[in-house]
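The structure appears below as structure tokens.
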Amino acid sequence: MSYCVNPACPQPENVDDALKCKACGSKLLLRNRYKVIQPLGKGGFGATFLAQDMSLPGRPSCVVKQLRPTATSARILEMARELFQREAKTLGKIGDHPQVPRLIDYFVGGKQFYLVQEYIDGYTLKQEVKEKGVFNEAQAKKFLREILPLLNYIHSQEVIHRDIKPANILRRRIDQNLVLIDFGAVKDQVNQATMMGTGQTAFTNFAIGTSGFAPPEQMALRPVYASDIYAVGMTCVYLMTGKSPNSFESNSVTGEIMWLPHLDVSDFFANILQRMLEFSVQYRYQSAQDVLRALDSESSYGMLAEGMVTQQKSTSTPNPKLTNSTNESTFLNEPNTSLMLPSQRMAAQIRARNQRVAKKKQGNLGGDTDIYDDNSFVSGMSATEGSPRTMIYDTVSNNTKSSLPPTTPKWNENTLKTAYVKGRRDFADCELSGLNLENFDFSGTNFYESRLSNSNFQGADLTEANFGRARLTDVNFRNAQLVKAYLSNANLERADLRGANLRESCLNRANLRGVNLCGANLTHAIVSDEQLAMAKLNWRTIRPNGKRKLWCWWF
């Protein structure tokens with residue numbers, strides 16, 4: 001069969017050997033070379049067809065994309081042409097990769113734009129989920145290991161895809177490898193000439209992407225490489241749930257999608273996904289290689305957890321007063337979650353989920369009654385017992401071992417450093433006071449709600465470390481690297497931060513009474529003037545606006 005590509009044709013189907021359409025008279029052989037067989041699909045800007053290349057032996061199959069915008073606005077038509085030309089340019093640039101369709105031809109015919117590319121015989125991941133069911137954690141990790149090297153290659157070519165989603169990822173039948181398609185929405189980093197002082201760039205003056213899969217900075221016309229990381233993370237969530245991101249609830253304060261309660265994954269993998277899906281781009285993984293390194297660290301982290309996390313015997317018994325009647329008092333003591341990063345909210349949800357599962361296993365809950373709801377955020381304190389409740393969780397077997405208050409592990413300088421070197425990054429709610437950790441690399445570590453009073457972090461690398469709600473009184477942070485560190489609601493009273501690098505750190509509602517910030521760099525840090533008024537600053541202190549304050553000493 002031959003198929004007519006004229007958008008206005010009332011009867012596009014023709015006999016196999018026809019040269020012209022019997023209904024509208026249009027030529028059926030495009031560029032005297034491509035014979036269209038059947039339509040594959042259409043969207044707002046164009047239509048795609050399956051065709052044969054009649055100029056080559058064997059008449060190999062190919063895909064013909066035709067520019068066919070539904071709007072008549074001159075602005076929309078120009079945008080459509082730009083997208084179409086951009087896709088051709090991008091495929092020509094990166095199409096030699098085995099997981100990207102190869103560009104065959106690009107031409108204009110009959111006032112229409114045509115793009116011809118390699119035909120991939122396969123099915124989309126969206127179709128795969130519908131036909132075979134959702135992915136489990138192992139399958140999701142395998143997906144990431146397959147797609148991330150491709151994404152790393154695309155980014156190395158200075159290209160941002162901007163529309164990664166299950167419908168744009170094919171699984172090729174012949175080898176089951178993944179292929180990324182639809183490069184019409186790409187952003188070429190090379191071409192960013194500023195337009196006439198408007199602040200917009202040539203390829204960012206209109207928003208492109210799929211709602212739910214595109215992160216906020218992309219919808220705000222400022223896509224970066226990490227925008228594709230977000231889309232891959234949300235694709236992973238879709239593969240494990242079968243649900244569109246827009247079907248999930250969102251946080252009323254931050255707008256972030258509440259996907260975690262819908263997944264049954266290990267804490268380790270949940271943390272990786274959360275880092276991929278951070279709403280704030282500065283806290284997100286910045287490259288595909290960063291995500292791959294995080295995945296590779298799981299084996300060493302799991303071995304460490306298996307050796308260090310053991311079930312502890314407890315002589316205490318569950319408090320019979322811990323019922324729904326005490327939940328109200330528990331929630332009254334919760335932190336202000338609107339001030340927490342998504343990673344902290346996620347950690348609280350994980351703890352709540354683990355507690356619920358453990359309680360059900362021990363028979364302390366009846367029916368479907370939950371002490372904590374998936375969407376609740378717990379402070380880590382029992383309202384009736386008044387002491388920290390710590391979950392012992394085996395990241396290897398993915399089982400909660402106990403929900404009773406265990407004996408708190410005793411950390412010293414050597415055990416803490418050894419655990420970090422072996423891959424552990426989570427030291428939340430730990431007793432770490434008085435430790436000498438001078439000049440050590442603790443970058444990316446989670447110290448949320450830990451007690452660190454009088455500890456020595458002088459010269460330490462604490463880049464992107466999480467000190468939310470931590471007790472940091474009298475801590476020595478002198479000359480420490482605290483770039484992008486999270487210190488919201490931390491108690492830093494009398495801490496020494498002389499010469500510390502606090503660029504882009506978050507000090508929202510932190511107690512800075514008596515803190516020494518002489519010579520510290522606070523460029524782009526989130527901190528109020530009222531907080532700084534309680535601290536000690538001098539002329540060498542770089543304030544959040546990137547400037548030093550000039551002091552006058554005359555009277």
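UniProt numbering numbers the first residue of the sequence shown as 1 and each following residue consecutively. Built from N, CA and C at the ideal position, the CB exists for glycine as well.
Could you tell me which residues DSSP puts in a beta bridge with residue i?
i: Ile542; result: Asn521 and Arg548
i: Arg513; result: Paired residues: none, contrary to the question.
i: Gly46; result: Leu67
i: Tyr486; result: Asn466 and Cys506
i: Cys9; result: DSSP output for Cys9 lists no bridge partner at all.
i: Gly41; result: Thr48
i: Lys126; result: Looking at the DSSP assignment, Lys126 forms no beta bridge with any residue, so it has no partner.
i: Ile120; result: Note: Ile120 sits in no beta bridge, so no partner.
i: Cys62; result: Ala51 and Glu118
i: Arg173; result: In the DSSP output, where bridge partners are listed per residue, Arg173 has none listed.
i: Arg451; result: Glu431 and Arg471
i: Tyr34; result: Leu30 and Asp53
Grab me the residues of residue i's own chain with a C-beta within less than 7 angstroms of its C-beta, minus the 5 sequence neighbours each way, in chain order.
i: Gln139; result: none
i: Asn246; result: Ser211 and Gly212
i: Gln282; result: Lys484 and Glu504
i: Leu295; result: Lys141, Leu144, Arg145 and Ile272
i: Ala226; result: Val281, Arg284, Tyr285 and Gln286
i: Tyr230; result: Pro215, Met276, Leu277 and Arg284
i: Gly95; result: Pro101, Arg102 and Leu103
i: Ala476; result: First, the residue type needs correcting, since residue 476 is Asn and not Ala in the sequence shown. Answer for Asn476: Asn456, Phe457, Gln458 and Asp496, listed in chain order.
i: Leu462; result: Phe442, Ser443, Ala480, Gln481, Leu482 and Ala485
If you count every other CB in all the chains shown that lies within 10 Å of the CB of residue i, and 16 or more means buried, which is it?
i: Gln176; result: exposed
i: Gly233; result: buried
i: Val15; result: exposed
i: Glu131; result: exposed
i: Cys24; result: exposed
i: Asn136; result: exposed
i: Asn324; result: Note that Asn324 scores 36 on pLDDT, short of 50, meaning its location in the model is unreliable; the coordinates nonetheless yield the value given after this. Answer is exposed; the Cβ neighbour count stays below 16.
i: Trp259; result: buried
i: Leu170; result: buried
i: Val237; result: buried
i: Gly367; result: Legend: pLDDT at Gly367 = 38, less than 50; position of this residue unreliable, value from coordinates given subsequently. The residue is exposed, with fewer than 16 neighbouring Cβ atoms inside 10 Å.
i: Gly468; result: buried
i: Ser55; result: exposed
i: Met240; result: buried
Out of curiosity, what's the CA-to-CA distance linking residue i and residue j?
i: Leu437; j: Arg425; result: 15 angstroms
i: Asn521; j: Lys547; result: 10 angstroms
i: Gly209; j: Leu537; result: 45 angstroms
i: Asn251; j: Pro261; result: 13 angstroms
i: residue 557; j: Ala525; result: A query on residue 557 cannot be resolved here, the shown segment of the chain reaching from 1 to 555 and no further.
i: Phe49; j: Asn152; result: 30 angstroms
i: Glu493; j: Gly514; result: 6 angstroms
i: Gly109; j: Ile181; result: 24 angstroms
i: Leu472; j: Glu464; result: 16 angstroms
i: Lys410; j: Leu432; result: 8 angstroms
i: Leu19; j: Ile37; result: 13 angstroms
Whose C-beta lies closer than 6 angstroms to the C-beta of residue i among residues of the same chain, with five residues either side of it excluded?
i: Leu148; result: Ala288, Val291 and Leu292
i: Phe107; result: Arg31 and Tyr114
i: Leu517; result: Leu497, Ala535, Leu537 and Thr541
i: Lys65; result: Gly46, Thr48 and Leu115
i: Gly41; result: Thr48
i: Leu512; result: Leu492, Gln531, Met534 and Ala535
My guess is that residue i and residue j are in contact by the Cβ rule of under 8 angstroms, so how many angstroms apart are they, rounded?
i: Leu125; j: Pro166; result: 4 angstroms
i: Leu67; j: Arg81; result: 7 angstroms
i: Ser455; j: Leu435; result: 5 angstroms
Within the same chain, show all residues whose beta-carbon is closer than 8 angstroms to that of residue i, passing over the 5 residues directly before and after it, in chain order.
i: Arg478; result: Gln458, Gly459, Asp496, Leu497, Arg498, Gly499 and Ala500
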